[in-house]
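Visitor: If you scroll down you'll find the structure; I have some questions about it.
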Amino acid sequence: MRISALILLTALATLRGASGTEGAPTVSLRLLAVVTGLESPVYVTHAGDGTGRLFVVEQPGVIRIIQNSRLLTRPFLDIQSRVIAGGEMGLLSVAFHPEYERNGRFFVNYTADSGNLRTVIAEYRVSDDPNVAGRSERVLLEIAQPYRNHNGGLNLFGPDGMLYVGMGDGGSGGDPHNNGQRLDALLGKLLRLDVNGEGPYVVPRDNPFVGRAGARGEIWAYGLRNPWRFSFDRPTGRLFLADVGQNAWEEVDLIEKGGNYGWRIMEGAHCFAPSSGCSTAGLQLPIAEYDRQGGCSITGGYVYRGTRIRALVGRYLFSDYCSGRLWALRESGDRWVMEQLLETGLRVSSFGEDQAGELYIVDHQGAVYRIVPR
3 MRISALILLT
13 ALATLRGASG
23 TEGAPTVSLR
33 LLAVVTGLES
43 PVYVTHAGDG
53 TGRLFVVEQP
63 GVIRIIQNSR
73 LLTRPFLDIQ
83 SRVIAGGEMG
93 LLSVAFHPEY
103 ERNGRFFVNY
113 TADSGNLRTV
123 IAEYRVSDDP
133 NVAGRSERVL
143 LEIAQPYRNH
153 NGGLNLFGPD
163 GMLYVGMGDG
173 GSGGDPHNNG
183 QRLDALLGKL
193 LRLDVNGEGP
203 YVVPRDNPFV
213 GRAGARGEIW
223 AYGLRNPWRF
233 SFDRPTGRLF
243 LADVGQNAWE
253 EVDLIEKGGN
263 YGWRIMEGAH
273 CFAPSSGCST
283 AGLQLPIAEY
293 DRQGGCSITG
303 GYVYRGTRIR
313 ALVGRYLFSD
323 YCSGRLWALR
333 ESGDRWVMEQ
343 LLETGLRVSS
353 FGEDQAGELY
363 IVDHQGAVYR
373 IVPR
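For the sequence shown, our numbering assigns the number 3 to the initial residue and increments by one for each residue that follows.
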């Protein structure tokens, strides 16, 4: 797999944020292959248990372990019999409970179709063998999917111990059911669930729409098209979310409790339905966006908080599945500055973060790379 040379100029014509872009990249990076030979990998993460292991999610329905830069032969979890995979469907993520080292609990997000297409949020537990999961599944939530795309797909624990779940608008094109703006629907939303009790989950009492007539209490934020990947900044707790666009604009949002991020009224910071003259009242506009010259499907990453690349600390990294470009976003006073760091030549399906805060890129073509200084 080719890793292209560092691009030394920013994409001035293709990237637009609160401030556009400025200058040449201030950090020089390269990608170091960790493992290859994976089958359609879509996510990599750690379990927070101090072992240094990484867990790679393969879209067909398998989770595999990377230990000491070696891919273990035996899968950690194999639920291919439960999963329908292809396109945007499949096993899409795993989230390990903050107390995984003690309780062995983890939560998967996958697409199923046994006569009714749906997203499944389910819990598993590790077996007596720390490298093999138990087979028993407890389903927390099933959400009907009207179409076979825009499934969202990420489960992620926040610093508050709650489980956040990204849900796409249900698919097709243009959000034909207006799910993004409907508070009675879980599609087109970021959900927040409390999974720390005895039952599958409860709605946290401080969720913004608890008690509102006709609204689903699970909703944390809405107006989203396909929030494929999002992450929390470790020291600040700020929530960065990359929302995949429709025809023209990819966006990065800074998520706030109860926020409406505009879809399908707006795509990025631009009117969508209606195509002009839309009202932005009550909407949260993106902190950054780019058009089709930059790519066609944004892949959200992380704010870098590792120790190996000092010049990268505090910057939010993201990429695009179609173009393979790697960008950094940093805050400068009251504006955000975007700069292109690399042309990776990869199909970037996801980023990953290890327990030390170092970052990884997942290539959907079958590999995981570590981001390292040049």
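Even for Gly, the Cβ is constructed at its ideal location relative to N, Cα and C.
Please read all numbers here as calculations on a predicted model, not as lab measurements.
My guess is that D208 and G190 are in contact by the Cβ rule of under 8 Å, so how many angstroms apart are they, rounded?
Guide: Looking up residue 208 in the sequence shown gives position 206. Looking up residue 190 in the sequence shown gives position 188. Actually they are not in contact, since the Cβ atoms of D208 and G190 sit about 22 Å apart, beyond 8 Å.
Visitor: On the DSSP letters alone, give me the boundaries of the alpha helix (DSSP H) that Y102 sits inside.
Guide: Stepping through the sequence shown from its first residue, residue 102 is reached at position 100. That run of the alpha helix (DSSP H) goes Y102 to N105.
Visitor: Can you list the beta strand (DSSP E) stretches of 3 or more residues lying completely in the stretch 111 to 145, in chain order?
Guide: 119 to 127
Visitor: For the beta strand (DSSP E) that contains D245, what are its first and last residues?
Guide: Numbered from its first residue, the sequence shown carries residue 245 at position 243. Where D245 is concerned, the enclosing beta strand (DSSP E) stretches over L241 to D245.
Visitor: Please determine if the stretch 195 to 207 and the stretch 225 to 240 are in contact, where contact requires at least 3 C-beta pairs separated by less than 8 Å.
Guide: Using a Cβ-Cβ distance cut-off of 8 Å, the stretch 195 to 207 and the stretch 225 to 240 are not in contact, since fewer than three pairs of beta carbons, one from each stretch, lie closer than that value.
Visitor: If you follow the beta strand (DSSP E) that A191 is in, where does it begin and where does it stop?
Guide: To locate residue 191, count along the sequence shown from 1; it is residue 189. It should be pointed out that residue 191 corresponds to Lys in this sequence rather than to Ala. For K191, the enclosing beta strand (DSSP E) begins and ends at K191 to L195.
Visitor: Measure the C-alpha to C-alpha separation of R368 and G303 and round it to an integer number of angstroms.
Guide: Here the question's residue 368 lines up with position 366 in the sequence shown. Here the question's residue 303 lines up with position 301 in the sequence shown. Inspection of the sequence shows that residue 368 is occupied by Gly rather than by Arg. So the alpha carbons of these two residues sit roughly 18 Å apart.
Visitor: When you compare only the Cα positions, how much space is there between N105 and A275?
Guide: Translated into the one-based positions of the sequence shown, residue 105 becomes position 103. Translated into the one-based positions of the sequence shown, residue 275 becomes position 273. Straight-line Cα distance between these residues: approximately 47 Å.
Visitor: Please report the residue range of the beta strand (DSSP E) in which E200 lies.
Guide: In the sequence shown, counting from the first residue as 1, residue 200 sits at position 198. Neither: E200 is in no beta strand (DSSP E) and is coded neither H nor E.
Visitor: Quick check: the stretch 329 to 342 against the stretch 352 to 371, are at least 3 beta-carbon pairs closer than 8 Å?
Guide: no
Visitor: For the candidate residues A187, C273, Q342 and R120, whose alpha-carbon lies nearest to that of Q248?
Guide: In the sequence shown, counting from the first residue as 1, residue 248 sits at position 246. The residue with the shortest Cα to Cα distance from Q248 is C273.
Visitor: Quick check: what's the CA-CA separation for G154 versus G168?
Guide: Residue mapping note: residue 154 aligns to position 152 of the sequence shown, counting from 1. Residue mapping note: residue 168 aligns to position 166 of the sequence shown, counting from 1. About 5 Å.
Visitor: Hey, is F57 close to the ligand PLP, as in C-beta under 8 Å from one of its heavy atoms?
Guide: Judged by which ligands are present, the structure shown has none, so any question about the ligand PLP falls away.
Visitor: In whole angstroms, give me the CA-to-CA distance for L34 and Y371.
Guide: The count along the sequence shown starts at 1 and reaches residue 34 at position 32. The count along the sequence shown starts at 1 and reaches residue 371 at position 369. Rounded to the nearest angstrom, the two C-alpha atoms are 5 Å apart.
Visitor: Using the Cβ count rule (16 or more neighbours within 10 Å means buried), how would you classify E355?
Guide: Position 353 of the sequence shown holds residue 355. Buried is the call here.
Visitor: Mapping the DSSP letters down to three states, classify Q377 as helix, strand or coil.
Guide: The question about residue 377 has no answer, for the chain in this structure spans 3 to 376.
Visitor: Should G229 and L156 be called a contact, given that it needs their Cβ atoms to be closer than 9 Å?
Guide: The residue you call residue 229 lines up with position 227 of the sequence shown. The residue you call residue 156 lines up with position 154 of the sequence shown. In the sequence under discussion, the amino acid at residue 229 is Pro, which differs from the Gly named in the question. Yes, they are a contact pair.
Visitor: Which residue comes first and which comes last in the beta strand (DSSP E) that contains L34?
Guide: Against the sequence shown, residue 34 aligns to sequence position 32. Note, L34: beta strand (DSSP E), L31 to V37.
Visitor: Express the C-alpha separation of V96 and T47 in angstroms, rounding to a whole number.
Guide: Looking up residue 47 in the sequence shown gives position 45. Looking up residue 96 in the sequence shown gives position 94. Rounded to the nearest angstrom, the two C-alpha atoms are 8 Å apart.
Visitor: Does DSSP put Q367 in a helix, in a strand, or in coil?
Guide: Along the sequence shown, read from residue 1 onward, the residue named residue 367 stands at position 365. Note: Q367 maps to coil in three-state DSSP.
Visitor: From the DSSP output, which residues share a beta bridge with H272?
Guide: If you number the sequence shown from 1, residue 272 lands on position 270. DSSP output for H272 lists E269 as bridge partner(s).
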